[in-house]
Amino acid sequence: MKKLIALILGVSLFSVNTWADIQMNYVKDGMKTSASSYSLAGSADPNYPLYINGKKVETTSEGYFSYYVSLAQGVNVFKFENTTASKTYRITRTNGSSTNSGNANFKTVNLVGEINKNHPTVRSRPDEANDDLILPYVKGTLLHIVAQNYEYYKTANGSYVYKDTVNLVNKKYGENSVNSIETAKDTISFNMNRSTEYDVEFAKDYMEVKLYDTQNKAVIPDSSDFDEISVENNTPATYTFYFNKGDNYVGFMAGYEGNKFTIKLNDRTVSPEKSLKGMKIVLDAGHGGTDNGTLGLGKVYEKTVNLAIVKYLYDYLTERGAVVTLTRKDDTFISLGDRTNIINTVMPDISVSVHCNSRNEWEDFGEKQGTLNLYSYDTPDRFVQKLTEYMDNTGYQKQNLALTRTTVCPAVLVETGYMSNPKEYQYLIKAENQKAMAEKIGTGIEKYFENILNQAENTLPFIDVSVDDWYYNAVKKVYENELFSGTTKRKFAPKSYITRGMLMEVLYRKEGMPSVEGKSKFEDVDPSAYFSNAVAWAEENDIVNGVTDGLFAPYEPMTREQVATVLYKYAKYKNADVTAQGDLSSFADINYISSWAEESLKWVVGSKIFVGNDGKLSPKAYITRAEMATVICSFYNI
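Given below as structure tokens:
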């Protein structure tokens, strides 16, 4: 296929200005604003100095500039001059102010509504600045509306939806029930009395579905399509579908057909070569046609820059074997709904929308620069975080955006730079820089997929441990050596604290689980508990003491100095060399070490079983299961 980039080589021609005049893109003579400050920005002949009200203004090498000014009440006059031109602009600052309606004027009602479009914005509060997005509903979802104002409906479950996305209906909102559940490969269907509100938590190895105002009356199917299916018969009815080992879902699409609620899972493309080959990607060039996007400081619109970068990115990805779909290939207007439909139809592995950023005119244009990745939902594979890391990006933020609200796949909107910043505008409109930006994004995508495909090598059954976690190798070793088990069948709980009972069980397993004489003397150690023999063995061999004469506190978390003391006693029991002596004086928190733990801590530090963090040993800090796994690996040299 011929490179698409050949079609847009003319873009860089716009970077050459014709200096017949001073061009201002954000200011008009006689304009009015309530802002107290304003950015005066545009372009002028770079061969001559530019002055605003007699003050010299810095321009880029090609004449782009921004100048941030304070506005007094009334008329403000700004005269722009250079050797070739002179212009005067009058800006009137008014007394107007804006307000945020937020929670204002909500009235209690009792209505039933029906969502009239797919994937409308659903908010956790009617305040966009502090909002947490909720999973968007699909067309046909029934809502129990309990309050309204001029803009929003509030549902009984605490969500807020825009009124224009809801049709009021003459239906009874009674309690719903799930009558049967059907499963097939990649598909789950709930047959219900009505179309109810729902929520879906999508994770790497499971999916949790909540159906509000609903009781479960269905028999949970014994299905080979999932490793396990569980249900909580409370309100909301909660179903958890645990994926089979080897399943690699990246997202889902939900929909109603009458009262039947169906979730279709999107399975990731698998590349045996651990490359981009065969990976399905949707690329979206923001804006287009009559939608110009932001203008910037010259004559090039954002839509033009976006398309140029996307076409370079298309070439980069397809040359490496990816299957790429473009939402637009030319200067065409495509609605946000149509762009979303393309993503939902393709069901890709990822979706990337390319845009340029800009500041508001009342903000300082020159103050902000750099790229930024935007997303709406946290995905199991942390796409936005990984892409940001590999792009050497300035950061990422959660925002409510049409192209990132899709649940079908991980979706990111990349802001490639600020069209309002003179230096970045000059950079972004040049073809060679557009290509460099595309390669930067492409490298990030490529590295992301390499990381994801490496996840397939994760042989652990736990949904909360990934191969890129710092503790993965340690957890893998202690699990394969049968020293640690999961806290459940599918969870290791790496961030939970190690307890006294757990640690005794780990040491006992390493000893081969020898027989013990009788049961533990501690009254709080249940003979049927998994750690009862371990505690009795540790007692017999003076490896551990109780917290009091009669109590062991098996479920109490352990501090680092407590763990060090147990390991020290255990090493002596094993007749190991305990002569190593670490220098505790190098730690800033040495004064927090208990006197009874000093000898033990010297040994674990000297033996490199414990290491400090930021110059501290943190003797009183509880130790997590992930940290304990690394300690055990060091202790046993496994």
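The opening position of the sequence shown corresponds to residue 11 in the working numbering, with each subsequent residue numbered one higher. Glycine included, every Cβ here is placed at the ideal spot set by N, Cα and C.
- Taking 3 residues as the minimum length, the beta strand (DSSP E) runs contained wholly in the stretch 332 to 394 are 333 to 336, 360 to 367 and 382 to 385, in order along the chain.
- Per DSSP, isoleucine 473 is not a residue of any alpha helix (DSSP H), being assigned neither H nor E.
- Contact annotation, glycine 268 with leucine 178: C-beta distance approximately 20 Å; criterion of less than 8 Å not satisfied.
- Residue burial is scored here from C-beta neighbours: alanine 639 has at least 16 other C-beta atoms within 10 angstroms and is therefore classed as buried.
- For glycine 150, the secondary structure class from DSSP, reduced to helix, strand or coil, is coil.
- It is roughly 27 Å from the alpha-carbon of glutamate 399 to the alpha-carbon of methionine 217.
- Per DSSP, isoleucine 319 is one residue of the alpha helix (DSSP H) stretching across 312 to 328.
- Judged by their CB atoms, leucine 286 and glycine 331 are nearer to each other than the 9 Å cut-off.
- Around the CB of phenylalanine 343, fewer than 16 other CB atoms lie within 10 Å, so the residue is classed as exposed.
- Per the Cβ contact rule, the stretch 430 to 446 is not in contact with the stretch 157 to 177 (fewer than 3 Cβ pairs under 8 Å).
- Boundaries of the alpha helix (DSSP H) around lysine 579: 570 to 583.
- Within the same chain, and ignoring the five residues on either side of tryptophan 547 in sequence, the residues whose Cβ sits closer than 6 Å to its Cβ are Tyr518 and Val526.
- Around the C-beta of methionine 429, 16 or more other C-beta atoms lie within 10 Å, and the residue is accordingly described as buried.
- Per the C-alpha coordinates, the member of Asn35, Ser46, Leu611 and Val488 positioned closest to lysine 626 is Leu611.
- In this structure, DSSP gives asparagine 186 an extended state, which the three-state scheme calls strand.
- Under the 8 Å Cβ criterion, the stretch 388 to 398 does not count as touching the stretch 340 to 356, having fewer than three qualifying pairs.
- The C-beta distance from lysine 270 to asparagine 201 rounds to 6 Å, short enough to meet the 8 Å contact threshold.
- Counting along the chain, the unbroken alpha helix (DSSP H) around lysine 433 starts and ends at 432 to 438.
- The three-state secondary structure of lysine 487, taken from DSSP, is helix.
- Inter-residue distance for glycine 303 and valine 188 is about 46 Å (C-alpha atoms, whole angstroms).
- The three-state reading of DSSP puts phenylalanine 271 in strand, counting E and B together.
- A Cβ-Cβ contact shorter than 9 Å links lysine 181 with arginine 204.
- The three-state reading of DSSP puts leucine 221 in strand, counting E and B together.
- When DSSP assignments are scanned along the stretch 225 to 313, the uninterrupted stretches of beta strand (DSSP E) that are 3 or more residues long and fall wholly within it turn out to be 238 to 242, 247 to 252, 259 to 267, 270 to 277 and 290 to 295.
- In this structure, the straight-line span from the alpha carbon of glutamate 238 to that of leucine 470 is close to 17 Å.
- Counting along the chain, serine 49 sits inside no alpha helix (DSSP H); it lies in the beta strand (DSSP E) bounded by residues 47 to 53.
- For the pair of segments examined, the stretch 410 to 423 was found to touch the stretch 374 to 393: the number of CB pairs separated by less than 8 Å reaches three.
- Straight across, the Cα-Cα distance linking threonine 497 with alanine 503 is about 6 Å.
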